[in-house]
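Going by UniProt numbering, the first residue of the sequence shown is number 1, and it counts up by one from there.
Every residue gets a Cβ at the ideal spot worked out from N, C-alpha and C, and that includes glycine.
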Amino acid sequence: MSHSNLYIPTATMKTVNKYILSLAVGAFAAVGMSSCSDFLQEYSQDLAKVESWQDLDEVLLGSGYMQPSAMSAQGRNGDDIDCLHFMADEMKQTYVSEYDTHSYLSSMYAYYTWQAEMGYNPLKKYVGGDDKYWNKLYSSINVCNMVIYLIDEQPENDPDDVIQKRRVKGEAYFLRSAYYFLLANMYAKPYDPSTAASTPGVPVKTTEFVEDQEYVRENLADTYTRILDDLSQAESLLKDTPVKTLHRATYSAVLLFRSRVYLYMQDWKNAARYASLTLDQNRRLLDLHTKAVGDDCVYLSSPETLFSMGGYRIADAFSDNVDDFGSQTSPHFCVSDVMEQKYSADDLRSGLYIGKSEILGVSPVFLKRNGQFSKRSTVSDVSSTFLLRTPEAYLTLAEASAFDNNENLARTTLEAFMLTRYRSAVTVSQSGNDLIDLIREERAREFILEGHRWFDLRRYTVCQPYPWSTVIEHAHGYFAATGPWGLKEFSYAEVFRLEEFDEGYTLPIPRPIREFQPSIGNNNRPRREVVRVDRPEPDTEGGDQGGSGWEWEW
Numbered sequence: 001m002s003h004s005n006l007y008i009p010t011a012t013m014k015t016v017n018k019y020i021l022s023l024a025v026g027a028f029a030a031v032g033m034s035s036c037s038d039f040l041q042e043y044s045q046d047l048a049k050v051e052s053w054q055d056l057d058e059v060l061l062g063s064g065y066m067q068p069s070a071m072s073a074q075g076r077n078g079d080d081i082d083c084l085h086f087m088a089d090e091m092k093q094t095y096v097s098e099y100d101t102h103s104y105l106s107s108m109y110a111y112y113t114w115q116a117e118m119g120y121n122p123l124k125k126y127v128g129g130d131d132k133y134w135n136k137l138y139s140s141i142n143v144c145n146m147v148i149y150l151i152d153e154q155p156e157n158d159p160d161d162v163i164q165k166r167r168v169k170g171e172a173y174f175l176r177s178a179y180y181f182l183l184a185n186m187y188a189k190p191y192d193p194s195t196a197a198s199t200p201g202v203p204v205k206t207t208e209f210v211e212d213q214e215y216v217r218e219n220l221a222d223t224y225t226r227i228l229d230d231l232s233q234a235e236s237l238l239k240d241t242p243v244k245t246l247h248r249a250t251y252s253a254v255l256l257f258r259s260r261v262y263l264y265m266q267d268w269k270n271a272a273r274y275a276s277l278t279l280d281q282n283r284r285l286l287d288l289h290t291k292a293v294g295d296d297c298v299y300l301s302s303p304e305t306l307f308s309m310g311g312y313r314i315a316d317a318f319s320d321n322v323d324d325f326g327s328q329t330s331p332h333f334c335v336s337d338v339m340e341q342k343y344s345a346d347d348l349r350s351g352l353y354i355g356k357s358e359i360l361g362v363s364p365v366f367l368k369r370n371g372q373f374s375k376r377s378t379v380s381d382v383s384s385t386f387l388l389r390t391p392e393a394y395l396t397l398a399e400a401s402a403f404d405n406n407e408n409l410a411r412t413t414l415e416a417f418m419l420t421r422y423r424s425a426v427t428v429s430q431s432g433n434d435l436i437d438l439i440r441e442e443r444a445r446e447f448i449l450e451g452h453r454w455f456d457l458r459r460y461t462v463c464q465p466y467p468w469s470t471v472i473e474h475a476h477g478y479f480a481a482t483g484p485w486g487l488k489e490f491s492y493a494e495v496f497r498l499e500e501f502d503e504g505y506t507l508p509i510p511r512p513i514r515e516f517q518p519s520i521g522n523n524n525r526p527r528r529e530v531v532r533v534d535r536p537e538p539d540t541e542g543g544d545q546g547g548s549g550w551e552w553e554w
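Here's what the structure looks like:
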């Protein structure tokens, strides 16, 4: 069967991953499906031939892009890379109840406590699922590979077909670059220009067919070269293409994302250049003086929004809960003390981005994208992990300029941004490391729970000439039955610590991937022990340093 006759399902494009040949599902080759022909023929009765660019456009939309998600306890669908929020210093548990409304307390336990292996639950048992993000990203990459390979073969019946084919191809290149970027910043060490050529990155696959081989990781420099090559293609293809929707990749999105890639690579000149090019396209900012408490401050029609894919289901983790009997409980998570203290009284984001919960008034909770109880049935039109906004261009330009010895431009750029974020005008007079600190703090305040913070904390550890890191502590609560009715109340919390410059800033290669492809290897990630046990009241018998009684099932 030739690749021009590759088939896709018509019933639903969202199930296309079942039929796409990808690195993540390459195990089919080990169970007798080693050839492309045999693999496709098994599903031939349920497939339709790709006959136009429209077919591939639908494939890309349904299985290439991250999907939106409903903000509700029952609607935890979508493709958000939620783990990014739980590893950083942006949120904390409240110990309100062991009833896991959002499944976050259990599913995010290993991420939240920086375990050596993901896939562990709070009872220290390995339950799997640690390959979820890896598989999703590589599955989407393979969709992009297929679209890139097949799009040029599709017929052109009028001039618009030519334009649309360029758009689809450009979007596929953009998405592939984005997914390799996410993989590299989750499963490889931060990019250090002096060591990137000898640092393992991630496996890179650009072909649309199964390759029966043992995969290895490209070095990090080559991984980033692939990302930039794809962005160059996307930039060329999307430059003169009309914008279809901000849920689809655009020329401005490519420019901004490319500035982010260069920023992570510490290529200050190119980071500043592409941030400036982005602002040439759109320099508008949302004036927070026009917003009231409870208003969404990130949304698709915002003047700042350039592109978004995925949902914002993390927002409802900060909501009060009301059960079927009307009983009210406070949120399972709050904004961390460290993050709350970053906002001054003059900062408009204090009250708009964080504030009180809707029903019980618990504070501080996340409000920038309102996921409170009355909003939980809605589907978010923007993402918590892949949202491109003009503030990023301002802050990238400021940071890159500061590191590139253009502090005047850094200060004026920062002042223009801060004018829309503070009640009164701000004069930036800092220089040197103090200026860098201010920019980093502004990034933390502005991008709270947008997926930036964990990646920023990683890259700061290797950022020359001013590396920086901090200690982060997370506590996971446990509950025990008390009283005659057997009601469970908070008993104790196990506290875990991520040290400065910790190896835990890089995730392990998922266990199922390592077992199927040993050639990929693993990352050096330390085993994480409990540093102390916190209890509601002082332990008079000196038990604060004791364990929980749970034993790790390694």
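Bridge partner(s) assigned by DSSP for residue i
i	result
Ile81	Looking at the DSSP assignment, Ile81 forms no beta bridge with any residue, so it has no partner.
Glu489	Ala480
Ser308	Leu387
Arg497	Glu473
Lys291	According to DSSP, Lys291 bridges with nothing at all.
Gln328	Val322
Contact with chain B by residue i, beta-carbon distance below 7 Å
i	result
Glu304	The structure shown contains no chain B; it is built from a single protein chain.
Other residues of its chain near residue i: CB distance less than 8 Å, five sequence neighbours each side excluded
i	result
Tyr173	Cys144, Ile148, Asp230, Leu231, Gln233, Ala234 and Leu237
Leu286	Cys297, Ser302, Pro303, Glu304 and Thr420
Ala188	Thr199, Pro200, Gly201, Val202, Arg217, Leu220, Thr223, Thr506 and Asn523
residue 579	The requested residue 579 does not occur in the structure, where the chain is confined to residues 1 to 554.
As assigned by DSSP and simplified to three states, the class of residue i
i	result
Asp131	coil
Asn185	helix
Arg453	helix
Asp534	strand
Lys136	helix
Val335	strand
Tyr299	coil
Phe174	helix
Thr223	helix
Ile354	strand
Val143	helix
Lys125	coil
Pro159	helix
Lys49	strand
Thr241	coil
Tyr120	strand
Pro518	helix
Val379	strand
Asp347	strand
Val462	coil
Val168	helix
Cβ shell of residue i (< 6 Å), same chain only, five flanking positions each side left out
i	result
Tyr485	It is worth fixing the name first, because residue 485 is Trp in this sequence and not Tyr. Closer than 6 Å at the Cβ level, and outside the excluded window around Trp485, lies no residue.
Met108	Phe86
Leu414	Ala398 and Val428
Leu279	Ala393
Trp454	Leu84, Met87 and Ala88
Ala196	Leu220 and Ala221
Val25	Only weak support is given to the placement of Val25: the predicted model assigns it a pLDDT of 35, under 50, and the question is left unresolved by the model.
Ile472	Asp89 and Leu498
Residue i, enclosing beta strand (DSSP E) - first and last residue
i	result
Ala481	Ile472 to Thr482
Gln93	Met91 to Gln93
Residue from the options with nearest C-alpha to residue i
i	options	result
Ala184	Arg217, Glu441 and Ser194	Arg217
Thr290	Ala271, Trp268 and Leu352	Leu352
residue 590	Val261, Val243 and Asp131	Coverage of the chain is limited to positions 1 through 554, which leaves residue 590 absent and any answer about it impossible.
Pro322	Ser374, Gln154, Tyr126 and Arg445	It is Val, not Pro, that sits at residue 322 in the sequence shown. Answer by Cα proximity: Ser374.
Thr250	Ile227, Ala271 and Met309	Met309
Leu449	Ser139, Met66 and Tyr312	Tyr312
Met339	Glu441, Pro159, Leu228 and Pro242	Glu441
Trp268	Met186, Ala410 and Val533	Ala410
Ile314	Lys368, Tyr120, Val127 and Thr245	Lys368
Met186	Pro159, Tyr133, Leu175 and Ile163	Tyr133
Lys136	Ala178, Asn433 and Ser106	Ala178
Val293	Ala272, Tyr264, Glu358 and Met265	Glu358
Asp347	Arg273, Phe386, Gly326 and Val426	Val426
Arg349	Gly361, Ile436, Met418 and Ala480	Met418
Range of the contiguous alpha helix (DSSP H) that encloses residue i
i	result
Arg411	Glu407 to Met418
Ala425	Unbroken run through Ala425: none, as it is neither H nor E.
Gly62	Counting along the chain, Gly62 falls outside any alpha helix (DSSP H), and DSSP gives it neither H nor E.
Chain-order list of residues whose beta-carbon lies under 7 Å from that of residue i (same chain, five-residue window excluded)
i	result
Arg514	Ile520 and Asn522
Leu256	Thr278, Leu306, Leu388, Glu392 and Ala393
Gln93	His332, Phe333, Ala475, His476 and Gly477
Pro536	Phe490
Ser330	Thr94, Val96, Asp320, Ser357, Leu360 and Val362
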